[in-house]
Amino acid sequence: MPRKLAAGNWKMNGTGESLAEIDRLAAALPKAEAEVAVLICPPATLLERMSARLTHSAIATGGQDCHFDESGAHTGDVSAAMLLDAGATHVILGHSERRNDHGETNSDVRSKARTAIAAGLHVVICVGETEAERDAANTLDIIQGQLAGSVPDLVTGENLVIAYEPVWAIGTGKVPSMAQIGEVHDFIRASLERRFGAGVGRSVPLLYGGSVKPANAQEIFAVHNVDGALVGGASLKAADFLPIVEALAAA
Ligand code: PEP
């Protein structure tokens, strides 16, 4: 069984005063939950401060992206080694906002994942269809293409997390039916097992992401092969994120 993971993606939100939310979260989760890992991915500017604040906590931190080169002339970018140096254990790669806003391709995501894993980070690789792709009944083909193109060969059950995030569900309040989530998660699991073998394929945590809230978390976590969530808006406030962590622990 993969370990359950509740991951928060703060996106381009938060300044120093937002760290009070992390203090609230850490106070409410004083020790590691036996089965649930908790990860927060703040903007790069907060990563080191947040990691330092969480030194005595079981909450991990991660970046939201990294460059595929180890270092060099890439103004404005952040390397995998810099994320590690700032206390991160994970990095989100291939989020649909990066794919859309920055034109990231599957091949870019794969290169970034290779570099991040070589540096010692766990990678959270995002896949998901647009509304038009779902309407055209292309969801599973799109997911298969993203998995094949974005996930490098060197992954193990320890360093890979997959987040299924339908683009049309991110930040919109729209959520697929539980049957639709289950269909895609079962498909991802089968695809990973075919490619990496049953042992690795079964141990990769599969997260659902897209408008997860306290009100729908329990229902989503009851879906087969959903091992946790990647949460955007509802991860910004401890009062919203905590009930999601608790729902996952109880699932
Ligand atoms: C996300 O950005 O990964 C996300 C799922 O956002 P939200 O929870 O706000 O839909």
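The numbers in our numbering rise by one with no breaks, and the one at position 148 of the sequence shown is 280. We put the CB at the ideal spot given by N, CA and C, even for glycine. The model shown is predicted, which means the values in this text are computed figures rather than measured ones.
- In the structure shown, I302 adopts coil according to DSSP, grouped into three states.
- Counting along the chain, no beta strand (DSSP E) covers G333; the unbroken alpha helix (DSSP H) around it starts and ends at 330 to 335.
- Going by DSSP, L339 is part of the beta strand (DSSP E) stretching over 338 to 341.
- Judged by DSSP secondary structure, V241 falls within the alpha helix (DSSP H) whose first and last residues are 238 to 251.
- Bridge partners of H254 according to DSSP: H222.
- Minimum Cα-Cα distance from S243 among the listed residues L178, D285, H222, P298 corresponds to D285.
- Taking each of Q196, E149, V316, H206 in turn and checking the Cα distance to A245, the smallest one comes out for Q196.
- In this structure, the beta-carbon distance from S282 to N141 does not fall below 8 Å.
- Here DSSP, grouped into helix, strand and coil, assigns L292 to strand.
- Under the three-state reduction of DSSP, N232 is assigned to helix.
- Taking non-hydrogen atoms of ligand 1 into account, the C-beta of E297 is found less than 7 Å away from one of them.
- In the same chain as A138, and ignoring 5 residues on each side of it, the C-beta atoms closer than 8 Å to its own belong to V168, A169, V170, L171, G360, A361, V363, F373, I376, V377, L380, in chain order.
- If the five residues before and after F353 are omitted, its C-beta is found closer than 7 Å to the C-beta atoms of A379, L380, A383, all from its own chain and listed in chain order.
- Counting along the chain, A139 sits inside the beta strand (DSSP E) bounded by residues 136 to 141.
- When the beta-carbon positions are compared, T247 and C198 come within less than 8 Å of each other.
- Straight-line spacing of the CA atoms in G305 and V210 works out to 31 Å.
- For A190, the secondary structure class from DSSP, reduced to helix, strand or coil, is coil.
- As the crow flies, the alpha-carbon of A269 is around 18 Å from that of S323.
- Per DSSP, the unbroken alpha helix (DSSP H) holding G281 starts and ends at 271 to 282.
- Residue environment for E297: buried (at least 16 other C-beta atoms within 10 angstroms of its C-beta).
- In the pairwise beta carbon analysis, the stretch 149 to 160 is classified as not touching the stretch 203 to 221: fewer than three pairs are separated by under 8 Å.
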